Each structure stands twice: as C-alpha cells, then as structure tokens.
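Below: the structure, in structure tokens.
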Amino acid sequence: MNALNKRRWALFKANRRGFWSFWIFFGLFMLTLFAPLIANDRPILASYKGELLFPTLVEYPESKFGGFLAKTNFRDPVNLDEISANGWMVWPPIHYSYNTVNTELPLPAPSPPASSLSKDVACAKYPQKIADAQCIGGNMNWLGTDDQGRDVVARLLYGYRVSVAFGLILTFFSSVIGIAAGAVQGYYGGWTDLIFQRFIDIWSSMPTLYLLIIIAAFVTPTFWLLLFILVLFSWTGLVRLIRAEFLRARNFEYVRAARALGLSNFKIMFKHLLPNAMISAVTFMPFLIAGSVTTLTALDYLGFGLPPGSPSLGELVAQGKNNIQAPWLGFTIFLLMSTMLTLLVFIGEAVRDALDPRKTFV
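If you're matching positions, the sequence shown starts at 0 in numbering that gives the first Met the number 0 and goes up one per residue.
Structure representation (structure tokens):
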C-alpha cells in the first residue's frame, strides 16, 4: 500500500461512524451468506444407521427413512422419530427456512412474536428423545410470522442476502458500463459527445416501470432477468460524472505529454485519466447500492419484482401494509430497511472524506 492509499485508509478509519458502519454492514451480509446454516427446515448434519447425511446440501428422498415421498420433510414427527431412533441430528438455531409454513401456530397467522407450541405440547408432539433445544427453541417465531405462517426472521435473513447481493451486482455492472460510456464521451468530445448525450437523454427517459409491467405480463421475472433489465436503464447514473472528469482532464499537460510520447487513446483513457476520475465514481457507489436495494424493494412491494414466494424485503413491506393488525411486521421491516440504508449512507460519507484531497485529520 503506497503513501496515498495509507492516507486514504487512515482518513476512512478516522470517520468512526462510517468505519463502524462498514464493518456492521459487511458483517451482516457475511452472516446472511450462511443463512441456510442459521435458518432452515432441514438439519445441518444427521446420522442415520451409521451413515452421515448433509440434508442442507443434498435432497434425500423419504424412502431412505422408510417413507414414500420424493422429498423428506424433516419436520414430520414420523421422520423425526425414525431418524432419532437410528441416529442423531444437528439442527440450525432456527428451524424454518424462508418458505417454511408453520402449521402448529396457536393463533391464526400472522401470529405475534415468539408464539409457538408450548414446551409441554412441543415435547408431546416430538418425543422426549429429541433434545429440548430442538423441540422448543428452534421452533419459536422470534419476530412472529407473516400472513402465510412463514417465520419473519428466516425471511429477513434470506431477503437481506438477496437484496444486498442484487444491489452489489447491479451497481457493479451499471458502473462498468457507465464509466466506459462516460470515458469515451469525455475524452473524445465533439460529435461523439453530442451524439452520446442525445442518446442518453432519450434512453434515460424510457419508462422503466411500464416496461417491467409489460414484461411481467408475458414472463415471470427472475433474479437474473430483473437484474438484466435494470442494468439496461441504470448505467446512465455515472455517465455524466465520469464525462465531466474526462472533459476537465483531457487537456491537462500530462495527457498532452502522453499523446506526444505516442501512447494510444485507450492507454491514456484507462491508465492515466481513469484513476483520477474513479475517485468521484467510488465516492458515489455506496449511494448507488442503496438506490439499487431500494429499487428492488419497491418493485417487490408493487408485485413486479422477484417471483412470488421468493425471500423479499419488498414483500415484507407489503405484508406490513396489508396487516395493520400485526404491527410487528411493519416495525421489523422498517427497522431493517432504515438501518441498512443508514449504514450505506454513512459508508458513502466516509469514502467521500477518505478520497477528498483537501481533507485533513482533526
């Protein structure tokens, strides 16, 4: 790490709010990457008649345990009895996946937080040979259930992972296209810049939501199809910023010297001009991620996002709106979304301070 980057890292750490926001956001995202090991309706590890099984990774037919179904329901008391009598299981802390419906709710869905079977009922339902922690703790709905009986904590874990991953991938591809387009415009200028600008004006005026509604009428949007469509229209965000940087720097003395030495336009653009222009782009990226996450959440809320049943923060927002008698749904998703977006804003501020050459230590 050179002296300049050391200075930038020191400035980033000096902004304590942004520095800790980065680690909290990063830690939450890394935690959700292991969501199947935290919230799942299948054991992490099991042993049956001496054979070691990995139900979270492999789909076992029920015939393996004496049943007849194509897939094993590890929450079925019959299967639990059979496996426990001939082996053991290691369950994740939460015994629900994002699409698991809790059929043992004492109250109609959406049920309030921590409502589940009582200890006596749970251990009567599931034999005493199963550890109490397995028949009670993992079956608790700590943040309640939605109106379909699905655990809110599990849906938050999986939904957070999908939303942040979507935002990161969308920001990456949009930035690559936008930076390349802005660099070409700013470096060449003239007719190239004029034609590109008119194209961007027309392209950015396209009604993205209407196009998504039309497409959703013909095909069910998937993660990658939705990502592709949004990349087509979101790359224009960085173009003007990069274009302005290239227009400002293309006639600097070091650029003229590079031309005089015979360097190609490509090398001048991406070896000499781009590193300086990237300061503005990197500063803007945390805000692009926040905008991408918000876009996916809004589309899911309106019903034009991920397929029904997918882990989605927007679907939880809709659940909170449609079930005002269950305030825990609205409060939970509000706290998660506001915390996530606040962390991203704080990270953006810290990155801006770190890359600002006029910034000094206080």
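For every residue, glycine included, the Cβ atom is placed at its ideal position computed from N, Cα and C.
All of these numbers come straight from a predicted model, not from anything done at the bench.
**Asked** Looking at the structure shown, is V151 part of a helix, part of a strand, or coil, going by DSSP?
**Response** Taking the first residue of the sequence shown as 1, we reach residue 151 at position 152. Here V151 sits in helix by DSSP.
**Prompt:** Should R154 go down as buried or exposed, given a rule of 16 or more other Cβ atoms within 10 Å for buried?
**Reply:** Start at 1 with the first residue of the sequence shown, and residue 154 comes out as number 155. R154 comes out buried.
**Request:** Go ahead and pull the three-state DSSP assignment for V57.
**Result:** Here the question's residue 57 lines up with position 58 in the sequence shown. Here V57 sits in coil by DSSP.
**Message:** For F64 and V100, I'd like the C-alpha separation in whole angstroms.
**Reply:** As a working note, residue 64 is residue 65 in the sequence shown. As a working note, residue 100 is residue 101 in the sequence shown. About 22 Å.
**Request:** Could you pull out every unbroken alpha helix (DSSP H) segment of at least 4 residues lying fully inside the segment 198-253, listed in chain order?
**Result:** 207-217, 222-233, 238-248
**Request:** Measure the alpha-carbon distance for R16 versus V77 and round it to whole angstroms.
**Result:** Looking up residue 16 in the sequence shown gives position 17. Looking up residue 77 in the sequence shown gives position 78. C-alpha separation (whole angstroms): 52 Å.
**Prompt:** Mapping DSSP to helix, strand and coil, what is L104?
**Reply:** Position 105 of the sequence shown, counted from the first residue, corresponds to residue 104. Reduced to three states, the DSSP call for L104 is coil.
**Message:** Determine whether the beta carbon atoms of A280 and L237 lie at a separation below 8 Å.
**Reply:** Taking the sequence shown and counting its residues from 1, the one referred to as residue 280 is at position 281. Taking the sequence shown and counting its residues from 1, the one referred to as residue 237 is at position 238. In this structure, L237 lies closer than 8 Å to A280 by Cβ.
**Prompt:** Per DSSP, which one or two residues make a beta bridge with E50?
**Reply:** As a first step, residue 50 is located in the sequence shown; it is residue number 51 there, counting from the start. Partner(s): Y47.
**Asked** Do the segment 255-265 and the segment 317-337 touch if we need at least three Cβ pairs shorter than 8 Å?
**Response** no
**Prompt:** Taking the alpha-carbon positions, what's the F222 to F21 distance?
**Reply:** Here residue 222 refers to the residue found at position 223 of the sequence shown. Here residue 21 refers to the residue found at position 22 of the sequence shown. When rounded, the distance between both Cα atoms is 26 Å.
**Request:** Quick one: measure Cβ to Cβ for S291 and T170, integer angstroms, because I've assumed they're closer than 8 Å.
**Result:** In the sequence shown, residue 291 corresponds to position 292, counting from 1. In the sequence shown, residue 170 corresponds to position 171, counting from 1. Between T170 and S291 the Cβ distance is about 6 Å, and since that is below 8 Å, they are a contact.
**Span of the beta strand (DSSP E), counted from its first residue to its last, around G17** = By 1-based counting over the sequence shown, the position of residue 17 is 18. Where G17 is concerned, there is no enclosing beta strand (DSSP E), although the alpha helix (DSSP H) it sits in stretches over 15-32.
**Prompt:** beta strand (DSSP E) containing M88: first to last residue?
**Reply:** Locating residue 88 in the sequence shown gives position 89, where the first residue counts as 1. Taken as a continuous stretch (DSSP letters only), the beta strand (DSSP E) holding M88 covers 86-89.
**Request:** For the segment 35-42 and the segment 51-68, state whether three or more C-beta atom pairs, one from each stretch, are separated by less than 8 Å.
**Result:** yes
**Item:** Nonlocal neighbours in the same chain, by C-beta distance under 7 Å from T31, ignoring five residues either side
**Value:** What you label residue 31 is simply residue 32 of the sequence shown in a count that begins at 1. Hits under 7 Å: L156, Y159, R160.
**Asked** Quick one, are the C-beta atoms of I278 and I178 less than 8 Å apart?
**Response** Taking the sequence shown and counting its residues from 1, one reaches residue 278 at position 279. Taking the sequence shown and counting its residues from 1, one reaches residue 178 at position 179. Not closer than 8 Å, so no.
**Message:** E244 and A276 - do their beta-carbons sit closer together than 8 Å?
**Reply:** Counted from its first residue, the sequence shown places residue 276 at position 277. Counted from its first residue, the sequence shown places residue 244 at position 245. Cβ distance < 8 Å, so A276 and E244 count as in contact.
**Item:** Candidates P274, F24, I212, R239: closest to L229 by CA position
**Value:** Taking the first residue of the sequence shown as 1, we reach residue 229 at position 230. Cα-wise, what sits closest to L229 is I212.
**Request:** Could you tell me the distance, in whole angstroms, from the CA atom of L305 to the CA atom of P285?
**Result:** The count along the sequence shown starts at 1 and reaches residue 305 at position 306. The count along the sequence shown starts at 1 and reaches residue 285 at position 286. So the alpha carbons of these two residues sit roughly 23 Å apart.
**Prompt:** Taking Cβ positions, are R239 and G308 nearer each other than 8 Å?
**Reply:** Indexing the sequence shown from 1 puts residue 239 at position 240. Indexing the sequence shown from 1 puts residue 308 at position 309. Not closer than 8 Å, so no.
**Item:** Alpha-carbon spacing of S110 relative to P326, whole angstroms
**Value:** As a working note, residue 110 is residue 111 in the sequence shown. As a working note, residue 326 is residue 327 in the sequence shown. Each residue's Cα considered, the two are about 11 Å apart.
**Item:** Rounded straight-line distance, which links the Cα of Y209 to that of K5
**Value:** Here residue 5 refers to the residue found at position 6 of the sequence shown. Here residue 209 refers to the residue found at position 210 of the sequence shown. About 47 Å.
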